[in-house]
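As they're listed, the protein sequences go chains H and L.
Residues 1 to 453 (our numbering) are what the first sequence spells out, left to right.
Residues 1001 to 1292 (our numbering) are what the second sequence spells out, left to right.
A short worksheet on the structure shown next.
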Amino acid sequence: MKKIIIMSAIASSMLFAQELTQASLAQQLQAKKVSSAKGSSYMPDISLIMDVSYNNISFDEEGHTDHLEIPGFVHGGGHDHDGHGHTSLAGEDGFNFNYAELVIAASVDNYFDLKGVFHLTEDDFEIEEAFATTRSLPYHLQFKVGKFKSDFGYLNNKHAHNYNFYEMPLVYNALLGDHGINELGFQLQYVVPTEQYIMVGLEALQGENERSYGYEGFTLDDSGHDHDEHEEEEHEEHDEHEEEGHSTEIDDADQPALWIAYAKTSFDIGGGTLLAGVSMAQGDSRMNHLEDEEGAHAYSGDNTLYGADLTYKYYFAADNAITWQSEYIYREMDGTKYVEGQDGEWKDVALNKEQSGYYTELIYQYDKNYRAGVRYSALNQNDITANGNMQKMPDDMYVTSAMLEYNPSEFSRIRLQYNHNSSLYDEEGHKNNKNEIVLQFNYAIGAHGAHSF
Amino acid sequence: MRIIVLLFVTFTALFAKLNVSVAYPYIEQLTKEVAGDKVNVALLSRGDWDPHFVVPKPSLAGKLRDADLLILNGASLEMGWLPPLMQISNNAKIQKGADGYLDLSEYIKLQDIPKSVDRSMGHVHEEGNPHFALDPHNLIPLAEVIMLTLALHDEKNYSVYKKNFESFKTKWTKKLKHYDVQMKKCRGMKVVQYHELFNYFLKHYGIKSIDNLEPIPGIKPNSKHALKLIAEIKDQDVKLILQDVYHEHKTAKFIAQKTGAKVVEIPHDVGAVKGTETLERFYDTIVGRVCQ
Chain H
1 MKKIIIMSAI ASSMLFAQEL TQASLAQQLQ AKKVSSAKGS SYMPDISLIM DVSYNNISFD
61 EEGHTDHLEI PGFVHGGGHD HDGHGHTSLA GEDGFNFNYA ELVIAASVDN YFDLKGVFHL
121 TEDDFEIEEA FATTRSLPYH LQFKVGKFKS DFGYLNNKHA HNYNFYEMPL VYNALLGDHG
181 INELGFQLQY VVPTEQYIMV GLEALQGENE RSYGYEGFTL DDSGHDHDEH EEEEHEEHDE
241 HEEEGHSTEI DDADQPALWI AYAKTSFDIG GGTLLAGVSM AQGDSRMNHL EDEEGAHAYS
301 GDNTLYGADL TYKYYFAADN AITWQSEYIY REMDGTKYVE GQDGEWKDVA LNKEQSGYYT
361 ELIYQYDKNY RAGVRYSALN QNDITANGNM QKMPDDMYVT SAMLEYNPSE FSRIRLQYNH
421 NSSLYDEEGH KNNKNEIVLQ FNYAIGAHGA HSF
Chain L
1001 MRIIVLLFVT FTALFAKLNV SVAYPYIEQL TKEVAGDKVN VALLSRGDWD PHFVVPKPSL
1061 AGKLRDADLL ILNGASLEMG WLPPLMQISN NAKIQKGADG YLDLSEYIKL QDIPKSVDRS
1121 MGHVHEEGNP HFALDPHNLI PLAEVIMLTL ALHDEKNYSV YKKNFESFKT KWTKKLKHYD
1181 VQMKKCRGMK VVQYHELFNY FLKHYGIKSI DNLEPIPGIK PNSKHALKLI AEIKDQDVKL
1241 ILQDVYHEHK TAKFIAQKTG AKVVEIPHDV GAVKGTETLE RFYDTIVGRV CQ
């Protein structure tokens, strides 16, 4: 005991002495400062990005372009059900105002950073992202809250102006839609204490994705008309599938309805740098297409996505590099589809989907000004069973793209891209290839944070 | 219990080596001069790369995760690559404003501070020219700042750092005298450079940089500007075109051919060209090549 007291006395006196010297060292250091911080530091970073393009689109069969779909993935000719006016897998023929993006970011205080990304189209103002991130959590943890792009996979958290091509690859569009997984929720990330960089993360999200996830329940009326779950709060306690007179009610999914987990690592190999990750997204799926004029239907079930991504960058110089980037996503959907029968009654169909797709791209950066790249994206599995019966679905959808970029500076970009889109089928089940040439202009002004690898 | 914790803290503080991550090779060398083998230094870039456009390799985030101290050049030189790495490192100690964040530019009187900044002026740093490390006279103050910061984080080795700094100071003072003598004969000389990399060095030794190959900072040379340069070089009897390692060399060669001025490749950081692996050899090379 005595020993401990003596030792602690030594230790604390050392600490005390240390504090004294530290104060004098800090003073000396402070005295050496010659420039003080800029007065503008209370002003957040504000930037505006604008993207416009001229698209020239042609189809193999020009007459059959109204209701093109990606069978088993996206139906109804690419039009959106909740009124988004976004370009789906590339724009319209002619001039396109693709988007303007307003980004405002700053430190809130010593503890949080805040970032808002506002996605503007000609008629819409959307909060693409608005989230706070911790900046001083211990144990190498980082917490995010708000609406944000999930770190699922490689491409999901990137913004459109950071894509290597005009649009998202086919697999993302088919499984997740134009915005990817962009949700309200929490995120927690941890950097593992190893020499090699390994990050693991967990996200708890609302679950509102136009292609894969949804939490809002719906009611099926035999009259053929649905009414919104929320209009009848008193029915909340009813169980799923409960028959109530002539209607079936599907409750809201429990919140959070979507859980995402991933692990990412990076290391140097063969003179270049590798970034690899595996991701999983598991959530409830409620799809309400009851308002559709033709073939009204709804779906309730669960949806699991598995993703694997690999990026390898080899640099001859900092601005002269070759990058190979690939990503594979597998989806398993299991649930019940409700379709309207001939007699106006709703019929249950046990629906199971096992689908997958991938993209792989090669980008060569010649210097700061020129970049060129090719990309191949395909949907290679499309196994759908309805009530246990395998459906005959195509699994030969793909898009091939090539692009050439001229970047007059870091803040302006002119891109020429060619797409051969062989993923679209008409109502009779015939493929109709789409060819597209895009001349894209992208500009950024203001203070915009640097982009990641 | 508290005593044990206290002992543990003191103990680990006594034996753990400080982990320092540095943005550029010259900072690595300076840190090693001051710290000797008392700290682990991790370098985040390469000497032959454009310092504005370093690849933000996520593989380096593992090193940044464990850093007790991050030393950067500052004045926005790292703006395009370091912030995303800092962000994914999840290391609270080295975030801007934290104790483990040392921005060297705060300790140097910066030059070429623009009166107003606009992107149409090219890649201008509003804080001033960030390439202050090119002037060898800035090394002693920088080393002292590094010494004080290391000591703040690692009190027990203060005397070692202090001693190392003093011997570096003696060594470098001698070196500077040598450079000053060597550079005297080039006072008043006129040069052009590709990018305003060498302003601090040139200004210190009274060499006039009359123009740059870049029409405006960060923008590639064009033929109109090259023609203007050719006229200027002939008119003002410019002897040297200072070329860095990471920009294209074609324009400089073309202009040299038309004017008779000589192109010399000048390293902008330790290790940028062969035989510049130490601070001494790095500045020897600059001095030797600029003032032949």
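Virtual Cβ for every residue (Gly too), placed ideally from N, Cα, C.
| Item | Value |
| --- | --- |
| Check whether the Cβ of L:ALA1151 lies closer than 8 angstroms to any Cβ atom in chain H. | yes |
| Return the chain-ordered list of same chain residues with a C-beta closer than 6 angstroms to the C-beta of H:ALA308, the five sequence neighbours on each side being excluded. | VAL278, TYR328 |
| Let me know the alpha helix (DSSP H) ranges lying completely inside the region 168-227 of chain H, each 4 residues or longer, listed in chain order. | 170-176 |
| The beta strand (DSSP E) that contains H:ALA261, what's its start and end? | 258-269 |
| Tell me, please, whether the CB atom of H:TYR197 is closer than 8 angstroms to any CB atom in chain L? | yes |
| Excluding the 5 residues flanking H:LEU141 on each side, which residues of the same chain have their C-beta closer than 6 angstroms to its C-beta? | TYR190 |
| Under 8 angstroms between C-beta atoms, does L:TYR1161 make it to chain H? | no |
| Using 8 angstroms as the limit for Cβ to Cβ distance, is L:TRP1049 near chain H? | yes |
| Quick check on H:ALA106: does DSSP put it in helix, strand or coil? | strand |
| Out of curiosity, what's the CA-to-CA distance linking H:GLN196 and H:PHE143? | 22 angstroms |
| Let's test the definition: count the other Cβ atoms within 10 Å of the Cβ of H:THR87 and tell me whether it reaches 16, buried, or not, exposed. | Any reading at H:THR87 must be qualified, since the residue scores a pLDDT of 38, below 50, and its modelled position is unreliable; the value itself is stated next. H:THR87 should be labelled buried. |
| Considering only C-alpha positions, which residue in the set H:GLU183, H:TYR306, H:GLU428 is nearest to H:VAL145? | H:GLU183 |
| Are H:GLY207 and H:ASP302 close, meaning C-beta to C-beta below 8 angstroms? | no |
| Quick check: the region 1100-1117 of chain L against the region 1052-1072 of chain L, are at least 3 beta-carbon pairs closer than 8 angstroms? | yes |
| Are the C-beta atoms of H:THR219 and some chain L residue less than 8 angstroms apart? | no |
| Three-state secondary structure (DSSP) at H:TYR111? | coil |
| How should L:THR1259 be labelled, buried or exposed, when 16 other C-beta atoms within 10 angstroms of its C-beta is the threshold for buried? | buried |
| Report yes or no: is there a C-beta of chain H within less than 8 angstroms of the C-beta of L:LYS1220? | yes |
| Starting from L:PRO1355, trace the beta strand (DSSP E) in both directions and tell me its first and last residue. | Any question about residue 1355 of chain L goes unanswered here, given that chain L covers just 1001 to 1292. |
| So is H:PHE95 buried or exposed if we call it buried at 16+ other beta carbons inside 10 Å? | exposed |
| Determine, using beta-carbon pairs with one atom in the region 1076-1083 of chain L and one in the region 1026-1042 of chain L, whether at least three such pairs fall under 8 angstroms. | no |
| State the CB to CB distance for the pair H:ILE49 and H:GLU126, rounded to an integer number of angstroms; the pair is presumed to be in contact (CB under 8 angstroms). | Contact flag wrong, Cβ pair sits at about 14 angstroms. |
| Going by DSSP in three states, H:ALA296 sits in which element: helix, strand or coil? | coil |
| Please classify L:LYS1228: is it buried, with 16 or more other beta-carbons within 10 angstroms of its beta-carbon, or exposed? | exposed |
| Of all Cβ atoms in chain L, is any one closer than 8 angstroms to the Cβ of H:TYR315? | yes |
| Rounded to a whole number of angstroms, what is the C-alpha to C-alpha distance between H:GLU240 and H:TYR299? | With a pLDDT of only 45 at H:GLU240, under 50, the local geometry of the prediction cannot be trusted, and no value is derived from it. |
| Does the CB of H:ASN369 have a neighbour CB from chain L at under 8 angstroms? | yes |
| Should L:GLN1193 and L:ASN1212 be called a contact, given that it needs their Cβ atoms to be closer than 8 angstroms? | yes |
| For H:LEU25, would you say it is in contact with chain L, using Cβ-to-Cβ distances shorter than 8 angstroms as the test? | yes |
| If you check the beta carbons only, do H:LEU310 and H:ALA281 fall under 8 angstroms apart? | no |
| Tell me whether H:GLN417 counts as near the ligand ATP, meaning its Cβ is closer than 7 angstroms to at least one heavy atom of that ligand. | Inclusion of the ligand ATP in the displayed structure is not the case, the ligand content being empty and no account of it being possible. |
| Taking the alpha-carbon positions, what's the L:ASP961 to H:ILE198 distance? | Outside the shown range of chain L (1001 to 1292) lies residue 961 of chain L, about which nothing can therefore be said. |
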